Amino acid sequence: MSVDRDRLARIIVSGIRDIEEWRLGDPELAKAKGYPREFPAELLDDYGMLFIDLTLDAADGSLVCHEVNGPNAVGSDALTGDSTARAENEARQAVRRVREFGYVNADGSLGTKVVTVHAHQHWQFFRTGGEFFPRVARFADILESLVPGNTVSCLSANDALGEDDVSVVMGDVPAVCANITVNPQNGMFEYLGRPIVFMGNPNLIPELERIGRVSHLCRTSGEVNLRPMHAWRLCGLVHDKAGQQDLFDNTGVRPLRHFTAGSVEEALQKSKEMLATGPVVLKPSDTSGGTGVCVVVPGMTDSEILGALETLQSECREKYGENIEDVIFPVQGFEFVRATSYPMDDGDHLWDLRMAVLFEPGKAFAYPVSLRLTPEPFDNATFHTNRRQWISNVSGRRETLLKSGMDDDVLRKVGMTDELMEQAMKACVRWTMKAWDCTVRDGGNGGAVYEDFCEEADKPFYRPEKFKA
Ligand SMILES: Nc1ncnc2c1ncn2[C@@H]1O[C@H](COP(=O)(O)OP(=O)(O)O)[C@@H](O)[C@H]1O
Ligand SMILES: [Mg+2]
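For the sequence shown, this note's numbering assigns the number 483 to the last residue and increments by one with no breaks.
Structure, rendered in structure tokens:
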């Protein structure tokens, strides 16, 4: 008998509350539905992956986005049951960097020993090992086949580096960051002194900021070479939830009203203004897993709003440690979206649908991943006192709360028609291109690119008001 390596990893992590998204995978159904859907994307000149969490606003039926997640996110195995395409995309980027940085000799041998870094959530919050470990192993296999004649080994962040040409290191964010430094001569990330050619998790950057290895401005200052990061051009934007909303303009997803606040006082002031039109979701910068995300509602007193802001900060401190203030500001505020209902025995639940965009030079592939339901039914009178009524990603993630993004019954219940799925995929690819273009141009106006797509998305791109003096 031989044991399937992926299966073994999944059996082990199933004992530590793994969400087992891979169980949703159905390769035949994916094929029948034409997923992943390929889109031409000439503008994209590199590799990467995004996970875009969408829902439908019950008030007007529009598609809206909760968050664009970077390539640390999971769910890529919910389509077919594995993440091979993602692992291949990562490995191809790593090989490109090895060449680009000049580490390959004419005979194909590596002249420098290099490291690839694969970081997952802090151990105590980590529930996606069934996706992560098989993917890293697949990455190592594919990489080895792409650099023949060189040796590749997989290590934990607790191991010393060996003599292999490529060390594939995995561990949680704090453990791998402890071994990462920046070479002041060339701005390259190094792992125990060896150059890093691939880093698969943008959350490494805020942790490196927090422990003082890079400055808070490193995503824009040029002090570090970000090219080893997967989806490197977007590593600032995947943590800038307000900037993300601006880029949805003219994509087919309605941008949410939002603000950013550099201090608690400013957050209080701006929350009060936005509360005039409804509840406001407050989010810290640079966090994940729902940490610190809270809601304030009309009628709250100043001290109640300040209490919510205090909870936001203390939750971040608890997860990430001290010295978090620089990282979590600006705090951001968003209009609260009450999603359409998913009816269950105990009442109506809110939801979001994760769309994946995997991209490589010239092409993007989009597909629905999973639909996440909130653990408790929504009640307009009490949801601000109970996050389980409105936050879908801190849920118990029991099987019943995680549905396949290909499940027609589920999609029909929440109102996601075939047309809306199509619109959602196109919008996600458009967002990716606009974001890429925007960072290539050093910022720029989020709404000012991709005329053709914009025209197609029914709002005229050349709106007269754009040209008013
Ligand atoms: N504007 C919003 N309206 C309603 N619910 C929201 C909104 N933004 C986020 N949520 C809910 O809160 C959860 C956490 O927010 P998110 O921005 O995804 O934080 P994180 O980066 O920590 O995952 C989302 O999964 C969603 O369920
Ligand atoms: Mg999220």
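The beta carbon of each residue, even a glycine, is placed where N, CA and C say it ideally should be.
What you are looking at is a predicted structure, and each value in this text was computed from that prediction instead of being measured.
Residue i beta carbon near ligand 1 (any heavy atom closer than 7 Å)
i, result
"residue 302", "yes"
"residue 324", "no"
"residue 297", "yes"
"residue 493", "Residue 493 lies beyond the range of the chain shown here (15 to 483); nothing can be said about it."
"residue 355", "no"
"residue 349", "yes"
"residue 260", "no"
"residue 67", "yes"
"residue 305", "yes"
"residue 445", "no"
"residue 404", "yes"
"residue 64", "no"
"residue 155", "no"
"residue 270", "yes"
"residue 362", "no"
Buried versus exposed call for residue i [16 or more other C-beta atoms within 10 Å across all chains shown]
i, result
"residue 102", "buried"
"residue 255", "buried"
"residue 389", "buried"
"residue 418", "buried"
"residue 434", "buried"
"residue 137", "exposed"
"residue 56", "exposed"
"residue 459", "The predicted position of residue 459 is uncertain, since its pLDDT is 44 and thus under 50; no value can be drawn from it."
"residue 182", "buried"
"residue 329", "buried"
"residue 277", "exposed"
"residue 90", "buried"
"residue 394", "exposed"
"residue 279", "exposed"
"residue 319", "buried"
"residue 200", "exposed"
"residue 332", "exposed"
"residue 17", "exposed"
"residue 32", "buried"
Where residue i sits in the DSSP three-state scheme
i, result
"residue 398", "helix"
"residue 352", "coil"
"residue 357", "strand"
"residue 36", "helix"
"residue 199", "coil"
"residue 293", "coil"
"residue 162", "coil"
"residue 235", "helix"
"residue 457", "Its pLDDT being 49, under 50, residue 457 is placed unreliably in this model, and the value from its coordinates should be taken loosely. Coil, per DSSP."
"residue 23", "helix"
"residue 245", "coil"
"residue 175", "coil"
"residue 77", "strand"
"residue 18", "coil"
"residue 435", "helix"
"residue 209", "strand"
Residue i CB to nearest heavy atom of ligand 2 below 7 Å
i, result
"residue 35", "no"
"residue 253", "no"
"residue 80", "yes"
"residue 83", "yes"
"residue 422", "no"
"residue 407", "yes"
Residue closest to residue i, alpha-carbon to alpha-carbon, out of the options
i, options, result
"residue 354", "17, 58, 72", "72"
"residue 107", "345, 440, 61, 202", "61"
"residue 407", "142, 26, 455, 76", "142"
"residue 93", "236, 185, 42", "42"
"residue 52", "453, 440, 454", "440"
"residue 144", "120, 97, 214", "97"
"residue 164", "147, 185, 125", "125"
"residue 323", "312, 343, 120", "343"
"residue 510", "218, 197, 201, 204", "Lying before the first or after the last residue shown, residue 510 is absent from the chain, which here runs from 15 to 483."
"residue 414", "442, 396, 392, 363", "363"
"residue 513", "425, 312, 348", "As displayed, the chain neither begins before 15 nor continues past 483, which places residue 513 out of reach and without an answer."
"residue 421", "63, 443, 382", "382"
Check: residue i C-beta below 7 Å from any heavy atom of ligand 3
i, result
"residue 394", "The model depicted lacks ligand 3 and carries ligand 1 and ligand 2 instead."
Chain C contact for residue i (CB, 8 Å cutoff)
i, result
"residue 182", "Absence of chain C from the displayed structure is noted, only one protein chain being present."
**Three CB pairs or more closer than 8 Å across the region 261–269 and the region 448–457** = yes
**Item:** the region 291–298 touching the region 105–120, judged by at least three CB pairs closer than 8 Å
**Value:** no
**Prompt:** On the three-pair Cβ rule with 8 Å, is the region 170–177 touching the region 145–160?
**Reply:** no
**Cβ pair count under 8 Å reaching 3, the region 363–379 against the region 328–341** = no
**Asked** Does the region 276–287 come within contact of the region 299–306, defined as at least 3 CB pairs closer than 8 Å?
**Response** no
**Prompt:** So does the region 161–171 actually touch the region 47–59, counting three or more Cβ pairs closer than 8 Å?
**Reply:** no
**Message:** Between the region 115–134 and the region 182–202, can you find at least three pairs of beta-carbon atoms closer than 8 Å?
**Reply:** yes
**Asked** Per the contact definition of three or more C-beta pairs closer than 8 Å, is the region 351–371 in contact with the region 67–82?
**Response** yes
**Segment contact flag, the region 81–90 with the region 231–241, C-beta cutoff 8 Å, min 3 pairs** = no
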